[in-house]
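In our numbering, the protein residues as written are 204 to 781.
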């Protein structure tokens, strides 16, 4: 990170990466979804809380975050380092969700809400009931340095643990505090391991240790630090010492830490080196973690593909089965056939339609007198059976989808949240009936148009459009191979030409298939919206990868510049023990 001003290419690339990370939703409950979401949140937090604000404010005060284990004495240590009470300490845990950031009065502008830790609200209220950052100016803190007392990393309060993680990720320098009783605990070392991984500048304070045991414990702790990649990190010791009436440790016990921090604050070159080292490590680490996040989308993509394949397969099968059922004549058997027979009589009556128009007039045009016609009975039967057919096939598809989804972790989570997913929506039957009714109405309109240009024969007048319409419906529903279908075709052929009848039947069947397909698509969409579009998941994954690559490229370009600026500067703190 060369110079005071943030390099435009790196800043732009990291801003784009943050944008991609924030919108990289992890929608499905795959086996690694929890870890992926936590990783996404951690990357977004550090980019927004630390990396980007620090990039545009390279000359802002060094932010020293004091973190560590429960009961390690962090607040007492912070107050003693500053030389006055700036943060509360106590025996009750957890102590506070309002961490205190102490700074020199002349540096106050650096800590406005839109600058360092911009996503953390500011508060003036002490205590553990308000979530926010409390600012405290003190003449005892040198210019160019700020000290933030973070909650315990192993707090019993989840909110405090999350806040501690957020604050440590936003630090230029960790002052990690532990004690003889807690220095070997796993949780603190998990944090220190993360610090080593991302090249965060770290100093460790061994606090509250008896004078008799200091040498032994410090030696063991130093070896642990070396084995975990922290051999260059300063190690301070603060023996167990009574505090004064203000709760402060004797000045001589914290003098090495105070001197080190004041030297850091007064040395612009050392200060810049710490900031650049931590910042470069944070950029590198978060670029790598962004690639890890993109890799984690492999399971999301696979799960989305499987969920969508179950939907497409089940509803495609339902659509094909419905088309077959609409063409095989099955719908014109059963109740439809019975009502049709009641409507036109037996086949013997229609051996010669031309000669028997008068004999069937009453059967076909009862509706003229205002009574419900037998044609209406046939139409009602077709509507009912068609609606039942639609509902049965759609419900079968839904059941198939739910069964397949339930066999996977991602799908089972969706199904578990919607217990009635395998059942048809309440309005499905009504919508299916409307499809049938609307189709029948269009068939009637087809016939009206077909006979509009013809001289109305006595056959047309005798049979009537409703009677011809139900005949055409039966023909369109593949009834040609049944007695019912053959009779309906003879009725139609006696009135209209065979070519016209064939064209009308094909038009009616195509129209019905189109409307049925629409209904199936509506029900397919009910499931599709519950699972992400696989293409969108792939696009999200690729956008994260592309943004990470651009950020990595920009970092390497900037690193070439900073190598020249940095030279071979050293902090002068090569020893582990101080």
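From the three backbone atoms N, C-alpha and C, an ideal C-beta is built for every residue, glycine too.
The shortest C-alpha to C-alpha distance from residue 738 to any of 510, 588, 697 and 400 is the one to 510. Comparing C-alpha distances from residue 678 to each of 671, 515 and 692 shows the shortest one belongs to 692.
Counting only runs of 4 or more residues that sit fully inside the segment 599 to 668, the alpha helix (DSSP H) segments are 612 to 619 and 631 to 655, in chain order. Along the segment 686 to 723, the alpha helix (DSSP H) occurs as fully enclosed runs of 4 or more residues at 686 to 698, listed in sequence order. When C-alpha distances from residue 689 are compared across 641, 536 and 735, the shortest belongs to 536. If you look at residue 440, you'll find it in the beta strand (DSSP E) that goes 438 to 442. Counting along the chain, the unbroken beta strand (DSSP E) around residue 306 starts and ends at 303 to 306. Boundaries for residue 381: no alpha helix (DSSP H) harbours it, while the beta strand (DSSP E) harbouring it runs 376 to 382, taken from the DSSP string. A contact between stretches requires three or more CB pairs, one per stretch, nearer than 8 Å, and the segment 591 to 599 meets this requirement with the segment 624 to 638. Taken through DSSP and simplified to helix, strand or coil, residue 359 comes out as coil.
Between the beta-carbon of residue 539 and that of residue 584 there is about 5 Å, and that keeps the pair under the 8 Å contact cut.
For residue 266, the three-state secondary structure derived from DSSP is strand. From the listed residues 390, 396 and 668, the smallest Cα separation to residue 699 is found for 668. In the DSSP annotation of this structure, the continuous segment of the beta strand (DSSP E) that includes residue 412 starts and ends at 404 to 412. Inclusion of residue 256 and residue 306 in the CB contact set at 8 Å is not warranted, their separation being larger than that value. Just so you know, the alpha carbons of residue 442 and residue 418 end up roughly 10 Å apart. Burial is judged here by how many other beta carbons sit within 10 angstroms of a residue's own beta carbon; residue 545 has fewer than 16 and is exposed. Residue 271 sits in a strand when the DSSP states are folded into three classes. Where residue 340 is concerned, the enclosing beta strand (DSSP E) starts and stops at 337 to 340.
For residue 354, same chain residues with a beta-carbon under 6 Å away, outside a window of 5 residues either side, are 363, 366 and 367 in chain order. Secondary-structure assignment with DSSP links residue 325 through a beta bridge to 336. Check the Cα spacing between residue 273 and each of 384, 211, 350 and 262: the tightest is with 384.
Around the beta carbon of residue 687, a 10 Å sphere encloses 16 or more other beta carbons of the protein chains shown; the residue is thus reported as buried.
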